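So for the sequence shown, numbering that gives the first Met the number 0 puts the first residue at 0; every next one is plus one.
Working notes for the structure below.
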Amino acid sequence: MIAAIHQPQYLPWSGYIDKIRRADAFCFLDNVQYKKNEWQNRNRIKNVQGAQWLTVPALYEFGQKIRDIKINNKVKWGKKHFAALRTNYAKAPFFKEHSGFFEETFSRQWESLADLNIHIIEYFIKVLEISDTKTVRASDLKNLSEDPTGRLIDICRTLGADTYLAGADGANYMDMETFDKNGIKVIFQQYVHPEYPQLFGEFISHLSVLDVVFNMGPESPALIFGQNK
Numbered sequence: 000m001i002a003a004i005h006q007p008q009y010l011p012w013s014g015y016i017d018k019i020r021r022a023d024a025f026c027f028l029d030n031v032q033y034k035k036n037e038w039q040n041r042n043r044i045k046n047v048q049g050a051q052w053l054t055v056p057a058l059y060e061f062g063q064k065i066r067d068i069k070i071n072n073k074v075k076w077g078k079k080h081f082a083a084l085r086t087n088y089a090k091a092p093f094f095k096e097h098s099g100f101f102e103e104t105f106s107r108q109w110e111s112l113a114d115l116n117i118h119i120i121e122y123f124i125k126v127l128e129i130s131d132t133k134t135v136r137a138s139d140l141k142n143l144s145e146d147p148t149g150r151l152i153d154i155c156r157t158l159g160a161d162t163y164l165a166g167a168d169g170a171n172y173m174d175m176e177t178f179d180k181n182g183i184k185v186i187f188q189q190y191v192h193p194e195y196p197q198l199f200g201e202f203i204s205h206l207s208v209l210d211v212v213f214n215m216g217p218e219s220p221a222l223i224f225g226q227n228k
């Protein structure tokens with residue numbers, strides 16, 4: 000059984016979704032320290048000028064865990080984010096099929112950043128026809144180590160996994176010997192980002208997966224996962 004573990008990201012890129020698809024169980028790592036202005040509260044879409052950041056304003060104190068991060072709703076970020084999607088993707092072939100979900104999502108007053116991110120990720124899981132992967136939050140699991148590698152091993156054990164699917168750069172920060180001693184095999188995701196027709200000219204890679212979904216519709220699963228068996 001393969002487990003993958005990752006912080007819940009905002010509007011994640013296609014490689015993140017591919018990691019979920021390749022795992023039997025995927026754990027949202029929400030019990031680790033939040034890092035400001037990484038991928039947990041922002042991501043990129045495409046506009047006529049190139050890549051555009053969409054950032055969720057977060058209220059945080061240094062050292063807070065992702066599960067405890069609140070959204071600053073004094074800023075009307077939701078309306079701005081949906082307006083950005085509508086402005087830049089209204090002419091995308093499949094925008095209308097998904098606009099209702101994003102309009103409703105961005106009209107709600109979310110308190111928790113993790114809740115928002117997971118809500119959106121679960122939508123992409125459904126749209127991209129991933130039906131065999133169980134998802135769980137790390138904060139719902141008990142007796143996890145505070146050591147970074149130990150935490151990953153404990154999550155794998157709790158989920159009943161004998162194999163851990165790591166990111167391509169995982170070997171740079173993981174204690175591989177400890178995984179081996181605990182009988183957990185480590186494999187690495189080597190994701191090949193596909194090219195596809197986009198609006199506004201020259202192709203830009205590593206945008207939010209919504210760029211694929213809006214432009215490619217029902218062809219998205221084959222496109223995203225086809226080169227990544």
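We put the CB at the ideal spot given by N, CA and C, even for glycine.
The structure displayed is predicted, hence computed values, not measured ones.
- Put I203 into one of helix, strand or coil per three-state DSSP. coil
DSSP state of V126, grouped into three classes?
-> helix
**OP:** Could you spell out the range, first to last residue, of the beta strand (DSSP E) harbouring V211?
**Re:** No beta strand (DSSP E) contains V211, which is instead part of the alpha helix (DSSP H) from 208-215.
Legend entry - Simplified DSSP state of Y172, which is helix, strand or coil: coil
Could you give the DSSP three-state label for F101: helix, strand or coil? helix
Checklist entry - If we call anything under 8 Å between Cβ atoms a contact, is A50 one with I203? => result yes
For this session: May I ask which residues mark the beginning and end of the beta strand (DSSP E) holding K133?
Result: 133-136
message: Taking DSSP's pairing of strands, which residues face W52 in a bridge?
response: R43
Residue burial classification, I4 (beta-carbon count within 10 angstroms, cutoff 16): buried
key: Three-state secondary structure (DSSP) of L164   = strand
Rounded to the nearest angstrom, what separates I129 and T157 at their Cα positions? 22 Å
* Can you find at least 3 beta carbon pairs, one from the segment 130-146 and one from the segment 85-101, that sit closer than 8 Å? -> no
Along the alpha helix (DSSP H) that carries A91, what are the first and last residues, could you check? Run containing A91: none; DSSP gives neither H nor E here.
>> Using C-beta distances below 7 Å, list every residue in its chain close to I117, excluding the 5 sequence neighbours before and after it, in chain order.
In response: P7, F27
Exercise for the section: Could you say which of T86, I120, K34, K133 lies nearest to P56 if we only look at CA atoms? Expected result: K34
Backbone CA spacing between V126 and L209 [nearest angstrom]: 10 Å
Backbone secondary structure at H5 - three-state DSSP:
strand
Keeping to the same chain, check which residues put their C-beta closer than 6 Å to that of C155; ignore five residues upstream and five downstream. A2, Y163, I183
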